[in-house]
Structures are given as C-alpha cells and as structure tokens.
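**Student:** For the sequence shown, the residue numbers in full-length UniProt numbering are 1 to 222.
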Amino acid sequence: MNKNNPPKNLNKFSSPSEERGKGISSEAQKTVTGLFGGSFNPIHNGHLALARLLREKAQLDEVWLMVSPQNPLKQQSDLLGDEERLTMARAAVKNESGIVACDYEMHLPRPSYTWNTLQALSSDYPDREFVLMIGGDNWASFDQWYRHEDILKSYRVVVYPRRETMEAALSGIDGRQVSLVEAELIDISSTDIRRRIREGRSIRQLVPRAVADIIKRNGYYA
C-alpha cells in the first residue's frame, strides 16, 4: 500500500495494518490529516459541510471522521450501535474527496481519551501529521481535558467556533499550536433529525440520500 495515500476505507481495524508501524524518512512530506470526532447519530449534511470547510480553511490533505464508540458507562437509549453509525458515515462520504469515515477509536481501550488516541495514531501512521479539530464549546472546557497541555505541545489544534462565540474562543488562545476557523451556523442537528423521524417527518434535506435510505430501510430512530 502506498503510504502517501489514505487507507482504503478504514472500516476495519485490520485494513490499515500495512501502513501501521512503518517508519518514514524525516524529509518526507507528511499527509496532514484532520480528526473530526463525533457520535454521528446520525451523520448529516451539516457534518459534511463542516468537514469540507475545515479541510479547505485549515489546509488539510484529509479529514477523518472519527466515529466515537458507545460509552458503556453512559448508555443512551437513542444512540445506535457502533457498526450502524459507522455504516451510515461510510455511506455519507462514499463520494466525498478527502473525507474518510474511520473506526479507529472503536478498537482502543475505553474510556478513550483524546491524548491516547492521538498518540496511538501517531505511532501507527508515522507518515501523517494529525490535527485535532474541535468546536468552540469543547475549546471552552479544553483545560479540563486529560493531558491537554501535552496535546497543545505535540499537535496542531483547529477550533471552529460559531461567529457569536468567536470572541470568547480568541480569549483562550495564546499563540500555541491553535488556530481558528470561523464556521457559519448550520441549523441541522442529529437530535432534531431523530425527533423528525419519530414524528414521521421527512429528513431528505438534512442527510445524504444514502443515509436516509439506510435509516428508512432499517427503521432506525422510529
């Protein structure tokens, strides 16, 4: 496998095994890869629009949508299983350029801390420079994250606050490896989509067609 190309699907933990652990020349150009985590329950058009925007504005080669595993200590009645959410994410990005659905975090010990995920990824994919992408709300509480200072010392962080929270986000940045990308408010939420499905309302304008078809076919969230 060409290490400068993305793993084909990242839909099985074994699929990128040819890349994992390989060394690279210090002079080699690394593939800049943004990590966009979430439950994606379900993935929707707002997620995709944001991933495209961040890839362009943060000058990323790729964006990996890191589908978060279920937390056994925090069960949610309306949270679909890992494989179901991953299947929808794969379908959503099938025709997207530079955006990949990834199950990597599902195979790590739990609870999964961001620092541990970043360290594991850096070890398994030494040909890539990983960039953490988080919303303004997460940035506001970032100083409470496990080993947050180590994250800032070792990785670029891209914060995407909404326009109305831009000033608050700026106040917490002191010149470290943190940059801001202003994100327009996209009025779509997974919570609203699940509610619409329960009420028998259409979601066709809110999610990719393939995702809508999967949800309807399997009776998800009804």
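The beta carbon of each residue, even a glycine, is placed where N, CA and C say it ideally should be.
Determine the contact status of Y160 and G135, defining contact as a CB-CB distance below 9 Å.
**Tutor:** Yes, the Cβ-Cβ distance between Y160 and G135 is below 9 Å.
**Student:** According to DSSP, W64 sits in a beta bridge with which residue or residues?
**Tutor:** In DSSP, W64 forms a bridge with L35 and V100.
**Student:** What's the call for Y146, buried or exposed, on a 16-neighbour Cβ count within 10 Å?
**Tutor:** That one is exposed.
**Student:** Sorted by chain position, which residues of the same chain lie with C-beta nearer than 8 Å to G38's C-beta, five sequence neighbours on each side aside?
**Tutor:** Taken in chain order, the residues that qualify are H47, L65, M66, V67 and S68.
**Student:** Going straight from the alpha carbon of A212 to that of V63, what length do you get?
**Tutor:** Approximately 23 Å, taken between the alpha carbons.
**Student:** Whose CA, out of L60, R194, V178 and E184, lies closest to the CA of L35?
**Tutor:** The option with the nearest alpha carbon to L35 is L60.
**Student:** Report buried or exposed for K22, applying the criterion of at least 16 other Cβ atoms within 10 angstroms of its Cβ.
**Tutor:** In this predicted model, K22 has a pLDDT of only 47, less than 50, meaning its place in the structure is not dependable; the value taken from the coordinates is given anyway. Burial call: exposed.
**Student:** Assuming Y54 and M133 are in contact, meaning their beta carbons sit under 8 Å apart, how far apart are those beta carbons, in whole angstroms?
**Tutor:** The question names Tyr, yet the displayed sequence has Leu at residue 54. At roughly 6 Å, the Cβ-Cβ gap stays under 8 Å, so L54 and M133 are in contact.
**Student:** Rounded to the nearest angstrom, what separates R198 and D192 at their Cα positions?
**Tutor:** In a straight line, the C-alpha of R198 is about 10 Å away from that of D192.
**Student:** Quick check on this structure: which residue in V158, S123, S122 and R128 has the alpha carbon closest to the alpha carbon of N138?
**Tutor:** When only C-alpha atoms are compared, the closest one is V158.
**Student:** Comparing alpha-carbon positions, which option in T31, Y221, S190 and L152 lies nearest V178?
**Tutor:** Considering only alpha carbons, the answer is L152.
**Student:** Might you give, ordered along the chain, the residues of its own chain that have their beta carbon closer than 6 Å to the beta carbon of A210, omitting 5 neighbours on each side?
**Tutor:** Taken in chain order, the residues that qualify are A91.
**Student:** Could you tell me the alpha carbon to alpha carbon distance between I99 and P109, rounded to whole angstroms?
**Tutor:** About 25 Å.
**Student:** Between which two residues does the alpha helix (DSSP H) containing M88 stretch?
**Tutor:** Its alpha helix (DSSP H) spans residues D82 to V93.
**Student:** Buried or exposed: which applies to D103, given that a residue is buried once 16 or more other Cβ atoms fall within 10 Å of its Cβ?
**Tutor:** Flag for D103 reads buried.
**Student:** Could you tell me which whole beta strand (DSSP E) segments of length 3 or greater appear in the region 129-163?
**Tutor:** Complete beta strand (DSSP E) runs here, min 3: 156-160.
**Student:** Quick one: Cα of V93 to Cα of A58, how far?
**Tutor:** Answer to the nearest angstrom: the Cα atoms are 19 Å apart.
**Student:** Quick one: give me the first and last residue of the beta strand (DSSP E) that S179 is part of.
**Tutor:** From DSSP, the beta strand (DSSP E) with S179 extends over V178 to L180.
**Student:** Can you give me the Cβ contacts of I186 inside the same chain, cut-off strictly under 8 Å, excluding the 5 residues immediately before and after it?
**Tutor:** Answer for I186: N45, G46, A49 and L50, listed in chain order.
**Student:** Given a threshold of 16 other Cβ atoms within 10 Å of its Cβ, counted over all protein chains shown, does R85 qualify as buried or as exposed?
**Tutor:** R85 should be labelled buried.
**Student:** Taking buried to mean at least 16 other C-beta atoms within 10 Å of its own C-beta, is N41 buried or exposed?
**Tutor:** With 16 or more Cβ atoms within 10 Å of its Cβ, N41 is classed as buried.
**Student:** If you count every other CB in all the chains shown that lies within 10 Å of the CB of residue 229, and 16 or more means buried, which is it?
**Tutor:** No statement about residue 229 is possible, as the shown extent of the chain runs from 1 to 222 and does not include it.
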